[in-house]
Each structure stands twice: as structure tokens, then as C-alpha cells.
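Residue numbers for the sequence shown follow full-length UniProt numbering, so the first one is 1 and each next one is one higher.
Heads up, the beta-carbon is just placed ideally off N, CA and C, and yes, glycines get one too.
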Amino acid sequence: MSLSPECCDEKTGNRDGGALARQKRLICGLFIWSTLLTLGLATIVVFQFFNGASLDSGKHKILSMSASSTPSPVTAHGSTTQSSDLTPKLMIFDPAWGHSEMVELKWQTNSRHDFITVKERLTFNKDGQYFLYLQVTLESKQSCNVTVEVKGQSSPRVILSSQISQTKPSTGLMGKGFPVTKGDHLTVNCNPATKIKKTPTETYLGVIKIE
């Protein structure tokens with residue numbers, strides 16, 4: 001028994017139509033899957049971007065807080081101080097006397113610092129550690145004892161001394177570090193009284209505030 005041509009064509013058409021429908025469903029599923037995958041990747045990228053930005057912002061905040069909370073240097077008395085207060089400061093003093101013979105030398109200064117007041121004597125205005133350097137030169141070949149004293153509430157203490165002889169008319173450069181209490185006086189004495197050169201290159205005094 002044989003099938004007619006019309007029947008064969010009908011069965012073939014049904015098979016082709018079912019395969020085409022399956023292909024359409026498969027393509028539609030793949031399209032939906034790729035769309036969801038793309039949306040998921042985009043969501044992850046956006047999340048990572050904003051999360052990274054928030055982390056950077058947090059790092060900047062932490063660094064800013066740590067910088068602002070850095071403690072200032074603390075002195076021996078427990079009080080904070082700025083770094084500029086720890087920088088050594090220098091005051092230079094020039095002779096301030098005439099041609100008369102001197103016992104206690106007088107000084108003047110144009111320094112912008114003020115840790116020493118220049119009046120009848122040099123008076124320290126601040127506690128601290130100081131370094132002093134000095135040179136005294138006589139006008140003629142004489143003998144003289146040069147002493148540098150710091151006078152406070154207690155008895156004076158000699159911090160430097162030198163002997164000027166007829167063969168050595170200058171003390172040379174003298175220097176020493178020493179502690180000071182506010183209100184102490186600094187004096188430079190020549191004994192016996194003698195004439196001293198006033199040029200700043202031959203007779204001079206400098207005081208450095210170390211801390």
C-alpha cells in the first residue's frame with residue numbers, strides 16, 4: 001500500500017515546522033541568557049567602581065585623621081611646642097663702650113631675637129640650654145684676666161676664663177655650653193681695668209639658645 005504525494009508533503013511540512021519552532025525557542029533562550037549575563041556583568045562593574053571609590057575616600061579620611069592627630073613635640077616640662085621653638089637661635093653682641101679702661105664690658109645688639117635683654121647687664125628672659133662664644137682683644141700689650149660669669153639667685157658661677165699676657169694680646173676664641181634660669185645675668189669682666197679694642201672682628205660675644 002503506497003502513500004499519496006499529498007500525504008507525504010503534509011508530513012514533511014509538519015516535521016519542518018516543528019524543527020523551526022524549536023530553533024526559534026533555542027535562539028530566544030540564548031538571547032535572554034546573554035542579556036541577563038550582560039546585565040550581571042554591568043552590575044558587578046558598577047559595584048566595584050563605587051566600592052573602590054568609597055575605599056579610596058576612606059583611605060584619605062584615615063590619612064587625614066592620622067596627620068591631624070600627630071602629636072606636637074613635648075618639652076621636658078610636659079608642654080607641647082612647635083618645631084620652630086627647637087631651632088637654635090643666635091644673638092650677636094658688639095662692644096658698646098668708649099676708649100676708657102673697662103672692667104665689666106658693655107654690649108649692644110641688633111638681633112631680632114629677644115631671649116636676652118640688653119640693659120646695664122645682659123639678662124636672660126628664658127630658661128634653657130645655651131652656648132656662648134667670646135673673644136676679647138686688648139689695644140696694647142698688657143696683662144689681664146678675662147672671666148665670663150653667670151649670676152643668678154645663688155652665688156655667681158664662672159663659666160669661662162682666660163689670661164691675656166703681653167705676648168698674647170687676645171683671649172682667642174672661647175666657647176662653652178651651660179644651663180640658664182630666667183632672670184640670670186651674664187657678665188664679661190677684665191681685671192685689672194684695661195683698654196680693649198672695639199672692632200667687632202677682634203672683640204665680640206655670641207650666645208646661641210639651643211633649647
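Assign residue i to one of three DSSP states: helix, strand, or coil.
i: Lys151; result: strand
i: Ile196; result: strand
i: Arg25; result: helix
i: Gly98; result: coil
i: Gly172; result: coil
i: Phe115; result: coil
i: Val158; result: strand
i: His77; result: The pLDDT assigned to His77 is 47, lower than 50, so where the model puts this residue is not dependable; a value taken from the coordinates is nonetheless given after this. The answer is coil: DSSP assigns His77 none of H, G, I, E or B.
i: Gln166; result: coil
i: Ile62; result: Low confidence applies here, because Ile62 scores a pLDDT of 48, under 50, leaving its location unreliable; read the following figure in that light. Three-state DSSP puts Ile62 in a helix.
i: Cys8; result: Because Cys8 sits at a pLDDT of 48, beneath the cut-off of 50, its placement in the model cannot be relied upon, and the following sentence gives the value as read from the coordinates. It is helical.
i: Thr187; result: strand
i: Ser83; result: Only weak support is given to the placement of Ser83: the predicted model assigns it a pLDDT of 48, under 50, and the value that follows is read from those uncertain coordinates. Three-state result, Ser83: helix.
i: Thr201; result: coil
Do residue i and residue j have their CB atoms nearer than 8 Å?
i: Gly206; j: Phe124; result: no
i: Gln166; j: Lys141; result: yes
i: Ile208; j: Tyr130; result: yes
i: Thr187; j: Glu104; result: yes
i: Leu132; j: Gly175; result: yes
i: Gln135; j: Thr203; result: yes
i: Ile210; j: Pro95; result: no
i: Val180; j: Val150; result: yes
Just curious, the beta strand (DSSP E) that residue i is in, first and last residue?
i: Gly183; result: Note, Gly183: premise wrong, no beta strand (DSSP E); not H, not E.
i: Leu105; result: That residue, Leu105, is in no beta strand (DSSP E); it is neither H nor E in DSSP.
i: residue 277; result: Nothing about residue 277 can be reported from this structure: the residues present for the chain run from 1 to 211 only.
i: residue 228; result: Nothing can be reported for residue 228: it is not among the residues displayed for the chain, which extend from 1 to 211.
i: Thr123; result: 122 to 124
Name the residue from the options whose alpha carbon lies nearest to the alpha carbon of residue i.
i: Lys126; options: Ala42, Gly152, Asn189, Thr38; result: Gly152
i: Thr199; options: His185, Val158, Thr181, Glu139; result: Glu139
i: Asn110; options: Pro192, Phe93, Gly98; result: Phe93
i: Glu120; options: Gly177, Trp97, Ser34, Gly128; result: Trp97
i: Met91; options: Leu26, Ala21, Arg112, Phe47; result: Arg112
i: Ser161; options: Ser100, Ser155, Asn189, Phe178; result: Asn189
i: Gly128; options: Phe31, His99, Leu37, Gly177; result: Gly177
i: Asn191; options: Thr35, Ile116, Met102, Pro156; result: Met102
i: Thr194; options: Ile116, Ser155, Ser100; result: Ser100
Is there contact here, the region 135 to 155 with the region 166 to 181, by at least three beta-carbon pairs under 8 Å? Counting C-beta pairs closer than 8 Å gives three or more between the region 135 to 155 and the region 166 to 181, which meets the contact rule.
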